[in-house]
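Trainee: Note that the sequence shown covers residues 5 to 290 in our numbering.
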Amino acid sequence: MTQEKNITPANGYLMLGLLVLMIIGAIILVVNGMMVYAFPLGIIILLTLPGFVLVNPNGSRVLLLFGKYMGTIKTNGLFWVNPFYTKKKISLRASNFDSERLKVNDKLGNPIMISTILVWRVTNTYKAAFDVDDYTNFVRVQTDAAVRKLASMYPYDNFADEGVDEDITLRSSVNEVSDALEKEVQERLSMAGIEVLEARIGYLAYAQEIANAMLKRQQATAIVAARHKIVEGAVSMVEMALDHLSKKDIVDLDDERRAAMVSNLMVVLCSDKDVSPVVNSGTLNH
């Protein structure tokens, strides 16, 4: 037997009723002094007791007879099996696993801290019981290995100044990374008869030794991008102002005055502080 075999043993309630009758019979024999018959009946009663198996909802019992796999009980209820069976309990409920925060390197070699949250359950009791040593520990170890591999496949974030423009990053591509992680973990846990219900990143951050430097870098990148937008808008506004002044013949500016006006407008529009205006009470030449 190399695959899971579902079995439905004898009804435990019928055997429980029979056991009660045997106990009553043994008591009657003892009271009447018929110890010759009461003794073997007592032995039968003792051998019957270990055969009872109680299976809770979403639970299972793997049955072994002297090292040989006999089958798995997945139906909940009270059953009776061969008293010499060894019964191993395996839960079929969904379980949560929150891994420890691991320090790994992303695709660009930056050290990051990452952890995962995994929801899993056993679907094949034979593989969980016999193909791996300890399936719960197997889940922990293989999940950590999958997270390490996943982190090395993608960068933490994009860096335009270095020409790094990945379609998928650990920080922004949450759905894509979760799908890749779930597929990777499922491939590793399938040999243990385990189904992955959900896998996602639970914690993600730069390692402490580079966190401050990366924060400053992100701030600098944001400032540069903002300044770029401000300059683009300022140039457009200056161009529009000069065009309107020229079309409406409000003032005739030569090249020197035009350059001065452009300089003043750019200072006003691009400055990050309030500008104090200076009123010229004379002529344009003074």
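C-beta atoms are modelled at their ideal positions from N, C-alpha and C, and glycine is treated no differently.
(1) For the region 88-102 against the region 35-43, do three or more pairs of beta-carbon atoms, one drawn from each stretch, fall closer than 8 Å, so that the two count as touching?
(2) Under 6 Å Cβ to Cβ from Ser-182, same chain only, skipping five residues before and after it: list those, please.
(3) Helix, strand or coil: how does DSSP classify Val-271 here?
(4) Rounded to whole angstroms, what is the Cα-Cα separation between Thr-12 and Phe-56?
(5) Inspect the beta-carbon positions of Arg-192 and Ala-149 and report whether they are closer than 8 Å.
(6) Taking Met-74 as part of the beta strand (DSSP E), name the residues at either end of that continuous run.
(7) How many angstroms separate the CA atom of Met-117 from the CA atom of Gly-206?
(8) Does DSSP classify Arg-97 as helix, strand or coil?
(9) For the candidate residues Leu-96, Val-189, Asp-138, whose alpha-carbon lies nearest to that of Ala-61?
(10) Can you name the residues that DSSP bridges to Thr-140?
(11) May I have the straight-line CA-CA distance separating His-290 from Leu-269, to the nearest angstrom?
(12) Taking DSSP as the reference, what is the three-state secondary structure of Tyr-160?
(13) Among the residues of its own chain, which have a CB less than 6 Å from the CB of Thr-90, if the five just before and after it don't count?
(14) Is the Cβ-Cβ distance between Val-242 and Val-266 less than 8 Å?
(15) Quick one, which of Val-145, Met-19, Lys-251, Lys-131 has its alpha-carbon nearest Ser-194's?
(16) Under 8 Å by Cβ, that's how I've got Thr-129 and Val-59 pegged, so tell me the actual separation to the nearest angstrom.
(17) Hey, how far is the Cα of Thr-76 from the Cα of Val-85?
(18) Is DSSP giving His-290 helix, strand or coil here?
(19) With DSSP as the reference, please indicate the residues paired to Pro-115 in a beta bridge.
(20) What does a CB cutoff of less than 6 Å around Tyr-139 pick up in its chain, not counting 5 residues either side in sequence?
(21) So if DSSP puts Arg-65 in a beta bridge, which residue, or which two residues, is it bridged to?
(22) Less than 7 Å between the CB of Thr-173 and some heavy atom of the ligand ZN, yes or no?
(23) Return the CA-CA distance between Gly-16 and Pro-87, expressed in angstroms with no decimal places.
(24) Going by CA-CA distance only, name the one from Lys-72, Gly-71, Ile-94, Tyr-73 that's closest to Asn-80.
(25) With Tyr-73 and Asn-114 assumed to form a contact (beta carbons below 8 Å), what rounded beta-carbon distance in angstroms separates them?
(26) With 16 other CB atoms within 10 Å as the buried threshold, where does Val-151 fall?
(27) Would you check if the distance between the CB atom of Lys-111 and the CB atom of Ala-211 is smaller than 8 Å?
(28) How should Ala-30 be labelled, buried or exposed, when 16 other C-beta atoms within 10 angstroms of its C-beta is the threshold for buried?
(29) Under the three-state reduction of DSSP, which class applies to Gly-237: helix, strand or coil?
(30) Within its chain, find whatever has a CB closer than 6 Å to the CB of Gly-46; leave out the 5 residues flanking it on each side and keep chain order.
Mentor: In brief:
(1) Taking a cut-off of 8 Å on C-beta distances, the region 88-102 does not touch the region 35-43, as fewer than three cross pairs fall below it.
(2) One-based indexing of the sequence shown puts residue 182 at position 178. Contacts found: Arg-204.
(3) As a first step, residue 271 must be located in the sequence shown, where it is residue number 267. In the three-state DSSP reduction, Val-271 falls in the helix class (H, G or I).
(4) Taking the first residue of the sequence shown as 1, we reach residue 12 at position 8. Taking the first residue of the sequence shown as 1, we reach residue 56 at position 52. One Cα belongs to Thr-12, the other to Phe-56, and the distance between them is close to 13 Å.
(5) Counted from its first residue, the sequence shown places residue 192 at position 188. Counted from its first residue, the sequence shown places residue 149 at position 145. Yes, the Cβ-Cβ distance between Arg-192 and Ala-149 is below 8 Å.
(6) Position 70 of the sequence shown, counting from 1, holds the residue named residue 74. From DSSP, the beta strand (DSSP E) with Met-74 extends over 72-77.
(7) Along the sequence shown, one-based indexing puts residue 117 at 113. Along the sequence shown, one-based indexing puts residue 206 at 202. Looking at the two C-alpha atoms, the distance is approximately 11 Å.
(8) One-based indexing of the sequence shown puts residue 97 at position 93. Three-state result, Arg-97: coil.
(9) For this step, residue 61 is matched to residue 57 along the sequence shown. This sequence places Pro at residue 61; Ala is not what is there. Looking at the Cα atoms, Leu-96 is the closest of the given residues.
(10) Working through the sequence shown from its first residue, we reach residue 140 at position 136. When beta bridges are read from the DSSP output, Thr-140 appears opposite no residue.
(11) The residue labelled residue 290 in the question sits at position 286 within the sequence shown. The residue labelled residue 269 in the question sits at position 265 within the sequence shown. Here the model assigns His-290 a pLDDT of 49, short of 50, so the residue's position is not dependable, and the following value carries that caveat. C-alpha separation (whole angstroms): 19 Å.
(12) The residue labelled residue 160 in the question sits at position 156 within the sequence shown. Reduced to three states, the DSSP call for Tyr-160 is coil.
(13) Counting from one through the sequence shown, the residue named residue 90 turns up at place 86. Excluding positions up to five away in sequence, the list reads Leu-68.
(14) Numbered from its first residue, the sequence shown carries residue 242 at position 238. Numbered from its first residue, the sequence shown carries residue 266 at position 262. Taking C-beta atoms as the reference points, Val-242 and Val-266 count as a pair closer than 8 Å.
(15) Stepping through the sequence shown from its first residue, residue 194 is reached at position 190. Looking only at Val-145, Met-19, Lys-251, Lys-131, the smallest Cα-Cα distance to Ser-194 is reached by Lys-131.
(16) By one-based count along the sequence shown, residue 129 stands at place 125. By one-based count along the sequence shown, residue 59 stands at place 55. Contact flag wrong, Cβ pair sits at about 12 Å.
(17) Working through the sequence shown from its first residue, we reach residue 76 at position 72. Working through the sequence shown from its first residue, we reach residue 85 at position 81. Approximately 11 Å between the Cα atoms of the pair.
(18) Mapped onto the sequence shown, residue 290 falls at position 286. Residue placement at His-290 is poorly supported in this model, since its pLDDT is 49, which falls under 50; the coordinates still yield a value, given next. In the structure shown, His-290 adopts coil according to DSSP, grouped into three states.
(19) Numbered from its first residue, the sequence shown carries residue 115 at position 111. Bridge pairing for Pro-115: Asn-109 [DSSP].
(20) Along the sequence shown, one-based indexing puts residue 139 at 135. Once the five neighbours on either side are set aside, the close Cβ partners of Tyr-139 are Ala-132, Ala-196.
(21) Counting from one through the sequence shown, the residue named residue 65 turns up at place 61. Ile-77, Lys-93.
(22) The ligand ZN is absent from the structure shown, which contains no ligand whatsoever.
(23) If you number the sequence shown from 1, residue 16 lands on position 12. If you number the sequence shown from 1, residue 87 lands on position 83. Cα atoms of Gly-16 and Pro-87: separation of roughly 12 Å, rounded to the nearest angstrom.
(24) Counting from one through the sequence shown, the residue named residue 80 turns up at place 76. When each option's Cα is compared against that of Asn-80, the closest is Ile-94.
(25) Indexing the sequence shown from 1 puts residue 73 at position 69. Indexing the sequence shown from 1 puts residue 114 at position 110. With 8 Å as the limit, Tyr-73 and Asn-114 do not qualify as a contact, their Cβ atoms being about 48 Å apart.
(26) Stepping through the sequence shown from its first residue, residue 151 is reached at position 147. Buried: at least 16 other Cβ atoms inside 10 Å.
(27) Along the sequence shown, one-based indexing puts residue 111 at 107. Along the sequence shown, one-based indexing puts residue 211 at 207. Contact: no.
(28) Counting from one through the sequence shown, the residue named residue 30 turns up at place 26. Counting other Cβ atoms within 10 Å of its Cβ, Ala-30 reaches 16 or more and is therefore classed as buried.
(29) By one-based count along the sequence shown, residue 237 stands at place 233. Three-state result, Gly-237: helix.
(30) For the purposes of this step, residue 46 is taken as residue 42 along the sequence shown, with counting starting at 1. Counting only Cβ-Cβ distances below 6 Å, and skipping sequence neighbours, we find Ala-30.
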